[in-house]
Amino acid sequence: MTTDKLKYKRPYITLSAASSLDGYISTINGDSRLSNSKDWSRVHELRSKSDAIIVGSGTIRIDDSKLTIDEKYFQKKPMEHPIRVVVSSKGNIPLNARVITYKSDIPTFIAITSQCSKDQKLKLEKSGCKVIKCGKGPLVNLQQLLHILKTEYSIHNVMLEGGSRLNGEMLHQKLIDEVHLAIAPVICGKGVPFFTLPKTISSFAESPFFKIIRSERINDMVFLKIIIQYKQRDIT
Ligand SMILES: NC(=O)c1ccc[n+]([C@@H]2O[C@H](COP(=O)([O-])OP(=O)(O)OC[C@H]3O[C@@H](n4cnc5c(N)ncnc54)[C@H](OP(=O)(O)O)[C@@H]3O)[C@@H](O)[C@H]2O)c1
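277 is the number that my numbering gives to position 197 of the sequence shown; each next residue is one higher, with no gaps.
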């Protein structure tokens, strides 16, 4: 597929996350329980407005996320769960992961590369997953994946739910439009950062501008609604 600007299409992408006050989305031991119950409602409401949820394989391996919606939060009629999409270059997802086994009538797509063995691809398909090959690797070609989701599956709104490395790659490739961030009143000193970027930013002039368009309290947390502008921040 060409990623020519004129031909390349992608859905609108909203990154949703909860972080500690010092900018981590999990401790190094894998504790990511940062949201309070009201914030969980926000997460489920956003899921219910999305056509698909995308996560990295690391999040599935560590959190074993189900990526479904509690029925009381449904915003869309008829009630429909978003498609679940996991990116994993070699299809390295446990076959008993809840994203595959829980409510198996909800479609789960696994985006892989040519580096995934035929045997593993077959195992994923036999477990009920739709497997989509996106590039040669080493990582899943995200632009190609998003183009396929938009043009072949009519997916217009995607919720990106982490983790750190996928957030970083998506941001680096300018594929995130909006961020919904809930900040919890805790710290961990050293943990899993909100973004693991493929290239370190040495000057804030290189950072995208996170334009905060709304801020509010969610009980003991602070919620920020942000539009990402891929341009330098103006501090005059
Ligand atoms: N607080 C929150 O809101 C929140 C939300 C979600 C996750 N988390 C936390 O985030 C942590 C997991 O983050 P993580 O960075 O380890 O893993 P991740 O971002 O979930 O997944 C990264 C993995 O996805 C695969 N991948 C394939 N193509 C990729 C591409 N183009 N770009 C990026 N990744 C690609 C790679 O593994 P393969 O070898 O399989 O290709 C890569 O190592 C967990 O601790 C979880 O609790 C927190």
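C-beta atoms are modelled at their ideal positions from N, C-alpha and C, and glycine is treated no differently.
Check, Outcome
"Among K305, E160, D185 and K311, nearest to S287 - alpha-carbon criterion", "K311"
"Closest residue to F284 among T193, I108 and R313 (Cα-Cα distance)", "R313"
"Cβ neighbours of S112 in the same chain (closer than 7 angstroms, five flanking residues each side left out)", "I105, S106 and D143"
"Beta-ladder partner(s) of D260, from DSSP", "Just to set this straight, residue 260 is His in the shown sequence, not Asp. In DSSP, H260 forms a bridge with S96 and K305."
"Test item: CB-CB of E241 and V135 under 8 angstroms", "yes"
"Identity of the residues DSSP links to G271 by a beta bridge", "T107"
"Where the beta strand (DSSP E) through E296 begins and ends", "F289 to I298"
"Proximity below 8 angstroms, CB of I192 to CB of S169", "yes"
"Identity of the residue in P278, I212, G269 and I315 nearest V166 by Cα", "I212"
"Q241 CB to nearest heavy atom of ligand 1 below 7 angstroms", "Position check: residue 241 holds Glu in this sequence, whereas Gln was assumed. Under cutoff, so the answer is yes."
"8 angstroms contact criterion, which Q253 and Q223 should meet: CB distance rounded", "7 angstroms"
"Any 3 or more C-beta pairs closer than 8 angstroms across the stretch 252 to 269 and the stretch 87 to 104", "yes"
"Pick from I149, K203, V272 and T94 that is closest to S244, judged by C-alpha positions", "V272"
"Counterpart residues of N237 in DSSP-defined beta bridges", "Y92"
"For M239 and L126, believed in contact at Cβ under 8 angstroms, the rounded distance", "6 angstroms"
"Contact test: G269 Cβ vs ligand 1 heavy atom, cutoff 7 angstroms", "no"
"Residue-level contact to chain B via CB, L147, 8 angstroms cutoff", "Note that chain B does not occur in the displayed structure, where there is just one protein chain."
"Extent of the continuous alpha helix (DSSP H) run through I133", "Premise fails: I133 lies in the beta strand (DSSP E), A132 to G136, not in any alpha helix (DSSP H)."
"Cβ pair S115, I149 closer than 8 angstroms", "no"
"First and last residue of the uninterrupted alpha helix (DSSP H) at V179", "R178 to T181"
"Closer than 7 angstroms: K170 CB and nearest ligand 1 heavy atom", "yes"
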